[in-house]
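Below is one structure, written out as structure tokens; the observations come after it.
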Amino acid sequence: MNGILYIVATPIGNLEDITLRALRILKEVDVIAAEDTRHTRKLLSRYGISKKLISYWGAREKARSEAVIARLKEGQDVALVTDSGTPGISDPGEVVIREAIAEGLNVIAVPGPSAIIAALSISGITAREFVYPGFLPPKHNMRVKMLEELRLEHRTIVFYEAPHRLLDSLSDIYDVFGDRYCAVCHELTKLNEEVLRGRLSVLIGELQQKVIAGEYVLVLEGKAVEGITVEDAIPEVWGLMKKGLRRKEAARMISQQYGLSQKALYDKSLKQEERDEA
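What follows is the structure, encoded as structure tokens:
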């Protein structure tokens, strides 16, 4: 009989933020596959759990996943954990999860702490709809390219960012998005937790006066829907077409998203394309 792969969420800072179910699973499984065994051992020690640990280091995820799959096929139950949060969400885990599913193995979520949800909940920005592109690209050109693709997004946007790129990224966001309202969430659930809220221009000035270290989650308000014109939305029509959609279908989807005329989007995108090719 095959074992079960448990995807276990762990604290994002405060070690008290772990569910009773997660603790039970960590005690009961045969082995724990950890992003960093040294980090996970501290968590286990805090709760008096003694369990075999194997490395699931992200840089060697393919090879590590094969070892995990082999254990599952031997009938061992495995808990997959990362240093914080949920495996596979901007952390190692996606490879072994996909391989386990492909092999017909049982994969069970043990949900818990999430920096994304924590940041949204205290941002003061609507969380009714949001998008999460993950970490911003480290290089300026690629970062601006991603931001341009999100410029007209009307839903709230959540990013992760490293401390050494924070100011550069906020400056790029300001240049592309304008002076939007933003929440900069720092070291969530930890003793030095801090949340700065306000317009990007103000936040950048405040952060320039601070020592920037630790982990950051950025919550950015989306573009007001009523401010989007047909001309603004044409790049989104083209973006969907590049992904393989026909112009009619792309225009329909964007028209529904922003409440714009499908015919106007279709005609305008076609005319601009013909003009650019002339």
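Final position of the sequence shown in the working numbering is 315; the numbers increase by one with none missing. By construction, the Cβ of each residue, glycine as well, lies at the ideal position given by its N, Cα and C atoms.
Among the options, nearest to residue i - alpha-carbon criterion
i              : options                          : result
histidine 324  : Asp209, Arg165 and Pro200        : Here the chain comprises residues numbered 38 to 315, so residue 324 is not present and cannot be evaluated.
glutamate 231  : Leu42, Leu255, Tyr218 and Ser238 : Leu255
tyrosine 218   : Ala261, Ile138, Pro170 and His76 : Ala261
histidine 201  : Gly215, Tyr211 and Pro174        : Pro174
leucine 237    : Gln246, Phe214 and Asn229        : Phe214
threonine 123  : Arg284, Val267 and Thr56         : Thr56
leucine 203    : Asp216, Met183 and Ala250        : Ala250
glutamate 258  : Ala156, Thr163 and Met278        : Thr163
tyrosine 84    : Glu198, Asp313 and Ala59         : Ala59
valine 267     : Gly242, Gly296, Ser121 and Ser87 : Gly296
isoleucine 301 : Ile271, Arg312 and Val66         : Here residue 301 is alanine; the residue named in the question, isoleucine, does not match the sequence. Of the candidates Ile271, Arg312 and Val66, the one whose C-alpha sits nearest the C-alpha of alanine 301 is Ile271.
Coarse secondary structure for residue i, derived from DSSP in three states
i                 : result
alanine 71        : strand
histidine 177     : helix
glutamate 258     : coil
leucine 233       : strand
glycine 276       : helix
phenylalanine 249 : A small fix is needed here, since residue 249 is isoleucine in this sequence, not phenylalanine. Coil.
tyrosine 303      : helix
alanine 116       : strand
histidine 223     : strand
tyrosine 43       : strand
tyrosine 218      : strand
glutamate 198     : strand
threonine 56      : coil
Segment limits, beta strand (DSSP E) that includes residue i
i              : result
glycine 171    : 167–172
tyrosine 211   : Careful: tyrosine 211 lies outside any beta strand (DSSP E), inside the alpha helix (DSSP H) at 203–214.
serine 92      : 90–92
isoleucine 145 : 143–147
Spatial distance of residue i from residue j (CA atoms)
i              : j             : result
glutamine 294  : leucine 282   : 16 Å
aspartate 212  : methionine 38 : 56 Å
valine 168     : isoleucine 49 : 20 Å
serine 158     : glutamate 190 : 20 Å
isoleucine 138 : glutamate 103 : 13 Å
lysine 285     : tyrosine 303  : 6 Å
glutamate 243  : serine 206    : 15 Å
leucine 277    : leucine 233   : 35 Å
lysine 182     : glycine 112   : 46 Å
glutamate 198  : isoleucine 86 : 32 Å
isoleucine 41  : aspartate 128 : 20 Å
valine 105     : alanine 70    : 8 Å
leucine 90     : tyrosine 253  : 29 Å
isoleucine 62  : arginine 135  : 21 Å
glycine 125    : threonine 77  : 16 Å
lysine 308     : arginine 188  : 22 Å
valine 147     : glutamate 98  : 21 Å
proline 170    : glycine 130   : 17 Å
Exposure label - residue i; buried when at least 16 CB within 10 Å
i                 : result
lysine 79         : exposed
phenylalanine 196 : buried
alanine 100       : exposed
alanine 107       : exposed
Residue i at chain B interface by Cβ criterion, 8 Å
i          : result
valine 221 : No chain B is present in this structure, which holds just one protein chain.
Unbroken alpha helix (DSSP H) run spanning residue i, endpoints
i            : result
alanine 288  : 284–295
glutamate 98 : 98–110
valine 133   : 131–139
leucine 157  : 152–160
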